[in-house]
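So the protein sequences, as listed, match chains A and B. The opening position of the first sequence corresponds to residue 937 in this note's numbering, with each subsequent residue numbered one higher. The opening position of the second sequence corresponds to residue 106 in this note's numbering, with each subsequent residue numbered one higher. Everything on this sheet refers to the single structure shown next.
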Amino acid sequence: MNLTLPMDDPSSVHAGDSVTLSGTVYTARDAAHARFLEAIEAGEDLPFDVEGATIYFVGPTPARPGHVIGSAGPTTASRCDAYSPALVERGLAAMIGKGRRNAEVKASMLEHGCVYFGAIEGTAALLSQCITSAEIVAYEDLGAEAVRKLTIANFPALVVNDLHGGDLYDDGPARYRRV
Amino acid sequence: MSELRTVDVAEVEAVVRKLCVEANHELREDHVAALQRGRDAEESPIGREVFDRLLENARVSAAEQIAFCQDTGYAVVFLTIGQDVHFTGGSLAEAIDRGVAEGYSDGYLRASLVRSPVDRVNTGDNTPAMVHYDLVPGADIELTLLVKGAGCDNMSALRMLTPAAGVEGMKRFVVETIEKAGPSASPPVTVGIGMGGTFDRAAVLAKRALTRDPTGSPSPDPKLAELEAELVEAINATGIGPAGFGGTVTTVAVHVEAYPTHIAAFPVAINLDCHSHRVRSVTL
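This is the structure in structure tokens:
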């Protein structure tokens, strides 16, 4: 299934669906999220419009000359669990990362309509080929952790948490558990 | 007793530089073979797709000479030094750090270290290296580099079991740790287990166990080899599978190292390594 971000109908995807994503995403890891929360608490604007946006949890390697970006696979999303509900409440539409989200994040996603996609960690060289443009939009001092606006095309991912309560990290392993 | 041997630290610097680049750009052949075996054994269609992508990723990174994982890790160096070696040309530790800094810069690798867990300012060049020194008889130098990503290191664990908990308690602790880690450790994982010693030694043993060459080689101790095989089966029965999406291959290798311990103690450390398993060794 090919999806364009922002998705027209996020309720049409289900946990376990294999998808390719195209459109704009913003990169942010723990350090950038901490600054988002500081900005929210100080009543300041976030460095991008979070309404309808997609965040990709990634800290890429430096780009080789002639490359748009370096290797860019997903990092562990749960490190941002403490921050994500505040963004989801403000209209964040999707997140891309790896690993489980906690109960609070999942409840917030269901309530406000945010989908979580899992990308395959360890395929960073392949995924970098699906990124067609990259520019730093905030927190340049954070280096690899700066907020980047990326254009992605045919970026492979799996739907982990859908808007129907499905969770691939629960459902998938349960099917193959032998104990 | 061997003759005194003189080694310029510049030689160590050059080796470390080269290994940092190679380890991050080219997945080891034996680990590629382990992933291929995992692919063949995996029952889940999504799991097989994950293996296919990992194998394709390894081909692309080697061809393009770019990192196969964006977390280019902490440079962990195990140095076994013959006591008849005399290093010249300056500080050995500083030479290792220069090698890391050059390798990370030349290889377009990510600087992932901060100078303190409190202020979290990036050191800019991925130094310092985490070096473990062992002094042995002779005049050889063995240098092993383990590039350690944090995603899986974060999911590692250490527990001071009691002797009564025994091997069964240790196995439960291992499976519990793997289940808690789930997708966050980026399975299929390589599992390093250090048993015995003291609180601190167990952790170093677990890390060192990850460097065993080649991937999947059983322990030379038959009892430990049997334990490793049992743990592979128990871990794969969890159903976590490749990337945590469900499947029958959650680990490609379990390496157990044991060491003498106190009559009152049974320390167990479990260090997980993701499917981007990066180890390089040389003898200087």
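All residues carry an ideal CB built from backbone N, CA and C; glycine is no exception.
On the premise that residue j lies in contact with residue i, defined as a C-beta separation below 8 Å, what is that separation, rounded to the nearest angstrom?
i: A:E1081; j: A:A968; result: 6 Å
i: B:G178; j: B:G254; result: 5 Å
i: B:D189; j: B:A115; result: Their Cβ separation, rounded to whole angstroms, is 20 Å, which puts B:D189 and B:A115 out of contact at 8 Å.
i: B:A180; j: B:A234; result: 4 Å
i: A:G1108; j: B:G351; result: 3 Å
i: B:L218; j: B:T228; result: 5 Å
i: B:L250; j: B:A334; result: With 8 Å as the limit, B:L250 and B:A334 do not qualify as a contact, their Cβ atoms being about 28 Å apart.
i: A:L941; j: A:A1093; result: Going by Cβ atoms, the distance from A:L941 to A:A1093 rounds to 11 Å, so no, they are not a contact pair.
i: A:R1026; j: A:E987; result: 7 Å
i: B:N231; j: B:A206; result: 7 Å
i: B:A307; j: B:T282; result: That pair is no contact at about 13 Å.
i: A:M937; j: A:T990; result: Contact doesn't hold; Cβ gap of about 16 Å is too wide.
Between which two residues does the alpha helix (DSSP H) holding residue i run?
i: B:A296; result: The question names Ala, but residue 296 of chain B in the sequence shown is Val. Per DSSP, B:V296 belongs to no alpha helix (DSSP H); it is in the beta strand (DSSP E), V294 to G302.
i: A:R1111; result: L1104 to Y1112
i: B:A330; result: P327 to N341
i: A:H1048; result: A1039 to H1048
i: A:R1036; result: Neither: A:R1036 is in no alpha helix (DSSP H) and is coded neither H nor E.
i: B:F156; result: P150 to E169
Looking only at its chain, what residues have a beta carbon closer than 6 Å to the beta carbon of residue i, apart from the 5 residues adjacent to it on each side?
i: A:T1068; result: T1087 and A1089
i: B:A146; result: V354
i: B:A198; result: none
i: A:Y1019; result: H969 and L973
i: A:G1033; result: F993, P1010 and A1013
i: A:S947; result: L1099
i: B:G159; result: The displayed chain sequence assigns Leu, not Gly, to residue 159 of chain B. Same-chain partners within the cutoff: L140 and H380.
i: B:H382; result: H136 and T295
i: B:M260; result: A286, S289, A290 and L377
i: A:P998; result: G1006
Residue i lies in the beta strand (DSSP E); which residues open and close that run?
i: B:K253; result: I246 to K253
i: A:Y962; result: S954 to T963
i: B:V384; result: R383 to T388
i: B:G187; result: Y179 to G187
i: A:E1057; result: Taken as a continuous stretch (DSSP letters only), A:E1057 belongs to no beta strand (DSSP E), as it is neither H nor E.
i: A:N1090; result: V1083 to N1097
i: B:P372; result: F371 to D378
i: A:I991; result: T990 to Y992
i: B:V361; result: T356 to T366
i: B:A348; result: Neither: B:A348 is in no beta strand (DSSP E) and is coded neither H nor E.
i: B:T103; result: Absent from the model: residue 103 of chain B. The displayed extent of chain B is 106 to 389, so no value can be given.
i: B:H136; result: That residue, B:H136, is in no beta strand (DSSP E); its alpha helix (DSSP H) goes E134 to A146.
i: A:S1069; result: I1067 to A1074
Spatial neighbours of residue i within its chain, please: C-beta separation below 7 Å, excluding the five flanking residues on both sides.
i: B:V337; result: T356 and V359
i: A:C1066; result: I1088, A1089, N1090 and F1091
i: A:T963; result: Y992, V994, V1083, R1084 and L1086
i: A:V878; result: The question about residue 878 of chain A has no answer, for chain A in this structure spans 937 to 1115.
i: B:G256; result: D176, S289, A290, S291 and C379
i: A:V885; result: Any property of residue 885 of chain A remains undetermined from this structure, which presents chain A solely from 937 to 1115.
i: B:P323; result: A330 and E333
i: B:Y238; result: L184 and I186
CB-CB under 8 Å to residue i, same chain, minus the five flanking residues each way: which ones, in chain order?
i: B:F371; result: M265, L266, T267, P268, A270, G271, G274, M275, M300 and G301
i: B:E108; result: D189 and A244
i: A:Y1075; result: A967, A968, R971, P983, E1081, A1082 and V1083
i: B:P191; result: According to the sequence shown, residue 191 of chain B is His rather than Pro. Same-chain partners within the cutoff: L109, R110, T111 and V112.
i: B:S386; result: E247, L248, T249, L250, T316 and D318
| request: Mind the definition here: the region 161 to 169 of chain B touches the region 131 to 140 of chain B only if three or more C-beta pairs lie below 8 Å; say whether that holds. | output: yes
| query | Counting pairs of beta carbons, one from the region 266 to 278 of chain B and one from the region 1008 to 1022 of chain A, are three or more of them closer than 8 Å? | reply | no
| query | What residues from the region 969 to 994 of chain A come within 8 Å of chain B, judged by C-beta to C-beta, listed N to C? | reply | V994
| query | Can you list, in chain order, the residues of the region 1034 to 1050 of chain A whose Cβ is nearer than 8 Å to any Cβ on chain B? | reply | K1034, G1035 and R1036
| query | Mind listing which residues of the region 204 to 224 of chain B have their C-beta closer than 8 Å to chain A's C-betas, in chain order? | reply | Y213, L214, R215, A216 and S217
| request: Using a Cβ-Cβ cut-off of less than 8 Å, list which residues of the region 247 to 259 of chain B approach chain A; keep chain order. | output: G256 and N259
| said: So if I threshold CB-CB distances at 7 Å, which residues from the region 365 to 389 of chain B count as touching chain A? | reply: C379, H380 and S381
| request: Closer than 7 Å, Cβ to Cβ, to anything on chain A: give me those residues from the region 345 to 362 of chain B, in chain order. | output: I345, G346, A348, G349, F350, G351, G352 and T353
| request: Give the residues from the region 274 to 297 of chain B that approach chain A closer than 7 Å (Cβ to any Cβ), ordered along the chain. | output: G287, P288, S289 and S291
| field | Inter-stretch contact (C-beta, 8 Å, three-pair minimum) for the region 112 to 131 of chain B and the region 299 to 318 of chain B | value | no
| chain A contacts from the region 162 to 174 of chain B (Cβ-Cβ distance under 7 Å) | N162, V165, S166, E169, I171, A172, F173 and C174
| query | Quick one, which residues of the region 146 to 157 of chain B are near chain A if we go by CB-CB under 9 Å, in chain order? | reply | E148, S149, I151, G152, E154 and V155
| said: Across the region 305 to 312 of chain B and the region 362 to 370 of chain B, are there enough close Cβ pairs to call them in contact, namely three or more that are closer than 8 Å? | reply: yes
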